[in-house]
Amino acid sequence: MEYAIRIVDILCNVLIWAIFVRVLLSWLNIRPDSPFYPVLDVLDQILEPLLAPLRRVVPRVGMFDITPMVAMFILYLISRLIYLIPTDAI
Numbered sequence: 001m002e003y004a005i006r007i008v009d010i011l012c013n014v015l016i017w018a019i020f021v022r023v024l025l026s027w028l029n030i031r032p033d034s035p036f037y038p039v040l041d042v043l044d045q046i047l048e049p050l051l052a053p054l055r056r057v058v059p060r061v062g063m064f065d066i067t068p069m070v071a072m073f074i075l076y077l078i079s080r081l082i083y084l085i086p087t088d089a090i
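Each residue of the sequence shown is one higher than the one before, starting from 1 at the first, in the numbering used here.
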């Protein structure tokens, strides 16, 4: 059980960093011929299934999409709350 908790924690942290990198890359004007475009494309393919459902729920604030911030907060909560599960429960 401890391994499963640790894996969930690591996965949440990797996703948080991936979202952070995706947000930073979104501020740049990356064209398809840019060397960073494959990174952006992979991050979009990984993160869009996570962010798309949240975009339907979280309203935009002016011209800003705060969905990545909400997703990072939810992932952070999961990574912290998972440690409250007793390891001898199963």
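We put the beta carbon where it would ideally sit given N, CA and C, even for glycine. Just so we're clear, the structure is a prediction, and the values are computed from it rather than from any experiment.
| Query | Result |
| --- | --- |
| Bridge-paired residues (DSSP) for Val61 | Phe64 |
| Burial state of Pro38, where buried means 16 or more other Cβ atoms lie within 10 Å | exposed |
| Local Cβ density within 10 Å of Leu75, reported as buried at 16 or more and exposed below that | buried |
| Helix, strand or coil at Asp33 [DSSP, three-state] | coil |
| Where Trp27 sits in the DSSP three-state scheme | coil |
| Residue from Ser79, Ile46, Val70 with nearest C-alpha to Val57 | Val70 |
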